[in-house]
Amino acid sequence: ENVDPFALVAIKGFHQGKVLRIQPSDEKKIWTIGRVEGHDVCLAGDDEVSSKHAQISFERKQFKLLDLGSTNGTFATDPGKGSTFKLKKKKNHILKVDHLVTFGSTTFKWCYDRDATSLAQMVKSSGA
1 ENVDPFALVA IKGFHQGKVL RIQPSDEKKI WTIGRVEGHD VCLAGDDEVS SKHAQISFER
61 KQFKLLDLGS TNGTFATDPG KGSTFKLKKK KNHILKVDHL VTFGSTTFKW CYDRDATSLA
121 QMVKSSGA
């Protein structure tokens with residue numbers, strides 16, 4: 001099945017401007033996030049990120065974010081509601097377009113891959 005590629009764009013914090021592309025395929029349905037090498041999303045240098053922090057999975061046409069028992073937690077913000085909440089450990093959070101997710105000191109925006117480059121450039125030039 002053909003799925004639109006998504007991306008996490010770091011809009012503020014330690015890794016600001018970083019773009020992480022997420023493209024599901026028959027072979028690839030899980031992406032791991034952590035501070036150490038070997039993860040699909042490596043957030044090296046940020047001590048607030050656990051070595052094995054979280055994962056994104058794709059199943060039944062939905063992207064899900066899971067905290068793998070990180071020390072400092074994973075936070076999500078639904079811009080529609082404007083509220084930020086801490087993900088319960090080992091419980092999936094369904095990612096929707098424009099949701100914000102925070103690992104350690106970096107906040108990422110979940111968006112379509114086609115919008116990621118322009119968003120990253122905007123973030124880099126604003127220096128916010």
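Each step along the sequence shown adds one to the number in UniProt numbering, with nothing skipped, and position 26 is 26. Don't be surprised by glycine CBs; every beta carbon is placed ideally from N, CA and C. Remember, predicted model here, so these are calculated numbers, not experimental data.
Within 10 Å of its beta-carbon, does residue i have 16 or more other beta-carbons around it, so buried, or fewer, so exposed?
i	result
Ser50	buried
Ala128	Its pLDDT being 49, under 50, Ala128 is placed unreliably in this model, and the coordinates cannot settle the point.
Phe85	exposed
Arg114	exposed
Gly45	exposed
Thr71	exposed
Leaving out five residues before and five after residue i in sequence, what residues of the same chain have Cβ atoms less than 6 Å from its Cβ?
i	result
Asn2	none
Between which two residues does the beta strand (DSSP E) holding residue i run?
i	result
Arg60	Taken as a continuous stretch (DSSP letters only), Arg60 belongs to no beta strand (DSSP E), as it is neither H nor E.
Lys86	83 to 86
Thr106	106 to 112
residue 129	In the structure as shown, the chain starts at 1 and stops at 128, and residue 129 therefore has no counterpart that could be examined.
Val49	No beta strand (DSSP E) holds Val49; DSSP gives it neither H nor E.
Leu68	Note, Leu68: premise wrong, no beta strand (DSSP E); not H, not E.
Taking the DSSP output, what are the residues bridged to residue i?
i	result
Ala34	Note that residue 34 corresponds to Gly in the displayed sequence, not to Ala. Answer by DSSP bridge pairing, in chain order: Cys42.
Phe14	Looking at the DSSP assignment, Phe14 forms no beta bridge with any residue, so it has no partner.
Leu8	Leu20, Trp110
Three or more beta-carbon pairs under 8 Å between the region 25 to 34 and the region 75 to 90, yes or no? Verdict: no, contact absent.
Are the region 84 to 99 and the region 45 to 65 in contact at 8 Å, needing three or more beta carbon pairs? Yes, the region 84 to 99 touches the region 45 to 65.
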